[in-house]
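Counting the sequence shown from 1 gives a position; the numbering used here is that position plus 241.
Contents: one structure, followed by commentary.
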Amino acid sequence: MNLNHHNQSHLLKRLPELKLPYDNIHKKVFSDLYVIIPKGKKHIVWFTYFQDKRVCIFIEVVLGGQKQIKEMFIVPQSFEKKLVLGTLFFGTVFNIDNKKYFSIENIHYYKGKNIENNNEEYKLLLVKNILANELKSCFLTNKGICMAMPIIESNFENCIEISKILPYSIYSIQNRNLHSKNSNYSSTLFKQFDNELKERIFLVKPQIQNDLYDLYYYVNNTLEIFDIAYIPDFKTSTLMNNIFRTIKENINLDALEESDDEEEFENINEDKFVNLNKCVKMECIFNKKFNKYVPIKIAENGKVCNNRDLK
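As structure tokens, this is what we get:
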């Protein structure tokens, strides 16, 4: 439920002053913890009273020199009633499959008590306890927002690999230290490590087994196998068969009822329907879920990628 200007003004007069965090963008910094921050809009989430009701209010904020409030709206949530004594989170709203989620990246007040000066370990454990005992991570309506903690790892490289296969876009990897009380974090933008998500040209060669294709790239001017292509659906399978294999069914559905001619019947070689010597340059896109490249079409122009392109 959106709030009108009058209601927003009334509520904002009651909103406590907060030390909202900001990111210092750096390359990798050694830390105790690495937090995967989704790409999305920043919000304050406030559990409070409104018109004698216990409510959860989302407040969209624009960070920077002049912090601005863009929008305020109430979202139905199932929570322990004492949270409305004044509990405030900060984090990111993002989407997965047309559903909204809120990544709880910091907590500023808990039941009316300012906890901004507590260290990182205390706040993380507190949020974990709230989610376990005082707040349900669920959708109460079709327009609900599910709250959860972000993914946290103790290894930076693990964060990179996990970020590549998540079903949502990543903004940065945030560095945190357990005993620090500073909420201004150092972060590394994920796009620095996101080259794998771009289209690449590979040299593609078939294996005997259907839907298995090797992807080749250059390493120091020598062609080497990079990986096996991912064939996700019938359309891609048909595309590849038309390029590398002789399969009647791909050309004519009536062939399903036709008998093999005598020459095909007598040929018992496993590779009789596939040209194992054929190599074709193909454009491929990266599938984040399966961490593999999918061939999409023959590359008329462009060069086969190399190991430097994939760093």
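Don't be surprised by glycine CBs; every beta carbon is placed ideally from N, CA and C.
**Beta-bridge pairing of Y412 - partner residues as DSSP gives them** = As a first step, residue 412 is located in the sequence shown; it is residue number 171 there, counting from the start. Bridge partners of Y412: none, in fact.
**Prompt:** Using CA coordinates, which residue listed in I300, K280, L419, V535 is at the minimum distance from E524?
**Reply:** For this step, residue 524 is matched to residue 283 along the sequence shown. For E524, the closest alpha carbon among the candidates I300, K280, L419, V535 is that of V535.
**Request:** Determine the contact status of Y275 and S395, defining contact as a CB-CB distance below 9 Å.
**Result:** Mapped onto the sequence shown, residue 275 falls at position 34. Mapped onto the sequence shown, residue 395 falls at position 154. Going by C-beta atoms, Y275 is nearer than 9 Å to S395.
**Item:** E465 - containing alpha helix (DSSP H), residue span
**Value:** Taking the sequence shown and counting its residues from 1, the one referred to as residue 465 is at position 224. From DSSP, E465 is part of no alpha helix (DSSP H) but of the beta strand (DSSP E) over 463-469.
**Which of helix, strand or coil DSSP assigns to I472** = Within the sequence shown, residue 472 is the residue found at index 231, counting from 1. In the structure shown, I472 sits in coil (DSSP, three-state: anything other than H, G, I, E or B).
**Request:** Pick out whichever of L367, K384, N355, V445 has its Cα sitting closest to the Cα of Y342.
**Result:** Taking the first residue of the sequence shown as 1, we reach residue 342 at position 101. Nearest option by C-alpha distance: K384.
**Prompt:** So which of K294, T429, H284, L464 has the shortest CA-CA distance to I300?
**Reply:** The count along the sequence shown starts at 1 and reaches residue 300 at position 59. Closest option to I300, Cα to Cα, is H284.
**Message:** Please tell me whether E398 and I537 are closer than 9 Å, where the distance is taken between their beta carbons.
**Reply:** Position 157 of the sequence shown, counting from 1, holds the residue named residue 398. Position 296 of the sequence shown, counting from 1, holds the residue named residue 537. No, the Cβ-Cβ distance between E398 and I537 is not below 9 Å.
**Asked** What do you reckon, are the CB atoms on I472 and D452 nearer than 9 Å?
**Response** In the sequence shown, the residue the question calls residue 472 occupies position 231. In the sequence shown, the residue the question calls residue 452 occupies position 211. Yes.
**Asked** Roughly how many angstroms separate the alpha carbons of E357 and H420, rounded to a whole number?
**Response** Start at 1 with the first residue of the sequence shown, and residue 357 comes out as number 116. Start at 1 with the first residue of the sequence shown, and residue 420 comes out as number 179. So the two alpha carbons sit approximately 13 Å from each other.
**Request:** Under 6 Å Cβ to Cβ from C520, same chain only, skipping five residues before and after it: list those, please.
**Result:** Here residue 520 is taken as the residue at index 279 of the sequence shown, counted from 1. Cβ neighbours of C520 beyond the five flanking positions: L444, K446.
**Asked** Looking at C-alpha atoms only, which residue of L261, F288, K280 is the closest neighbour of L252?
**Response** Position 11 of the sequence shown, counted from the start, is the residue given in the question as residue 252. Ranking L261, F288, K280 by Cα distance to L252 puts F288 first.
**Message:** Does E622 pass the burial test, meaning 16 or more other C-beta atoms within 10 Å, or should it be called exposed?
**Reply:** The question about residue 622 has no answer, for the chain in this structure spans 242 to 552.
**Inter-residue Cα distance where the pair is N542 and T463** = Looking up residue 542 in the sequence shown gives position 301. Looking up residue 463 in the sequence shown gives position 222. Whole-angstrom Cα-Cα distance: 20 Å.
**Helix, strand or coil at R549 according to DSSP, with G and I counted as helix** = Here residue 549 corresponds to residue number 308 of the sequence shown, with the count starting at 1. Coil at R549, not helix or strand.
**Message:** Contact between the region 357-368 and the region 306-321 is defined here as three or more beta-carbon pairs at a separation below 8 Å; is this criterion met?
**Reply:** no
**Message:** Is the separation between the beta-carbon of L324 and that of E375 shorter than 9 Å?
**Reply:** Locating residue 324 in the sequence shown gives position 83, where the first residue counts as 1. Locating residue 375 in the sequence shown gives position 134, where the first residue counts as 1. A contact, by the Cβ cut-off of 9 Å.
**Request:** Indicate whether I278 and S427 have their beta-carbon atoms separated by less than 9 Å.
**Result:** Position 37 of the sequence shown, counted from the first residue, corresponds to residue 278. Position 186 of the sequence shown, counted from the first residue, corresponds to residue 427. No, these two residues do not count as a Cβ contact at 9 Å.
**Item:** H284 - DSSP class collapsed to helix/strand/coil
**Value:** Residue mapping note: residue 284 aligns to position 43 of the sequence shown, counting from 1. In this structure, H284 counts as strand in the three-state DSSP scheme.
**Asked** So what does DSSP say about I392, is it helix, strand or coil?
**Response** Numbered from 1 along the sequence shown, position 151 holds the residue referred to as residue 392. Coil, per DSSP.
**Request:** Give the secondary structure of V368 by DSSP, where H, G and I count as helix, E and B as strand, and everything else as coil.
**Result:** Counted from its first residue, the sequence shown places residue 368 at position 127. Looking at V368 - three-state DSSP - the assignment turns out to be helix.
**Request:** Alpha carbon to alpha carbon, how far is F314 from M554? Give it in angstroms, no decimals.
**Result:** With the chain running from 242 to 552 in the structure shown, residue 554 is simply not present.
**Request:** On the DSSP bridge assignment, give the partners of R441 in chain order.
**Result:** Counting from 1 along the sequence shown, the entry for residue 441 is found at position 200. Looking at the DSSP assignment, R441 forms a beta bridge with C525.
**Prompt:** What are the complete beta strand (DSSP E) segments, minimum 3 residues, inside the region 289-324?
**Reply:** Here the runs fully enclosed are 294-303, 309-315.
**Request:** Return the CA-CA distance between L381 and M388, expressed in angstroms with no decimal places.
**Result:** Taking the sequence shown and counting its residues from 1, one reaches residue 381 at position 140. Taking the sequence shown and counting its residues from 1, one reaches residue 388 at position 147. The alpha-carbon atoms of L381 and M388 are separated by roughly 12 Å.
**Request:** Measure the alpha-carbon distance for R417 versus S424 and round it to whole angstroms.
**Result:** The residue labelled residue 417 in the question sits at position 176 within the sequence shown. The residue labelled residue 424 in the question sits at position 183 within the sequence shown. Spanning the two alpha carbons is a distance of roughly 9 Å.
**Request:** Could you check if Q309 is buried or exposed, using at least 16 other CB atoms within 10 Å of its CB as the buried criterion?
**Result:** The residue labelled residue 309 in the question sits at position 68 within the sequence shown. Burial call: exposed.
**Asked** For the alpha helix (DSSP H) that I241 lies in, which residues bound it at each end?
**Response** Here the chain covers residues 242 to 552 and nothing more, so residue 241 does not appear.
**Message:** Can you determine whether any heavy atom of the ligand NAD sits closer than 8 Å to the C-beta of D550, and answer yes or no?
**Reply:** With respect to the ligand NAD, the structure offers nothing, as it holds no ligand at all.
**Boundaries (first-last residue) of the beta strand (DSSP E) holding K538** = For the purposes of this step, residue 538 is taken as residue 297 along the sequence shown, with counting starting at 1. Its beta strand (DSSP E) spans residues 533-539.
**Message:** Looking at the strands, I want to know which residues DSSP matches up with K446.
**Reply:** Here residue 446 corresponds to residue number 205 of the sequence shown, with the count starting at 1. Note: K446 sits in a beta bridge opposite D455.
**Item:** Option in Y458, I406, L480 with minimal Cα separation from L551
**Value:** Within the sequence shown, the letter at position 310 stands for residue 551. By alpha-carbon distance to L551, the top candidate from Y458, I406, L480 is Y458.
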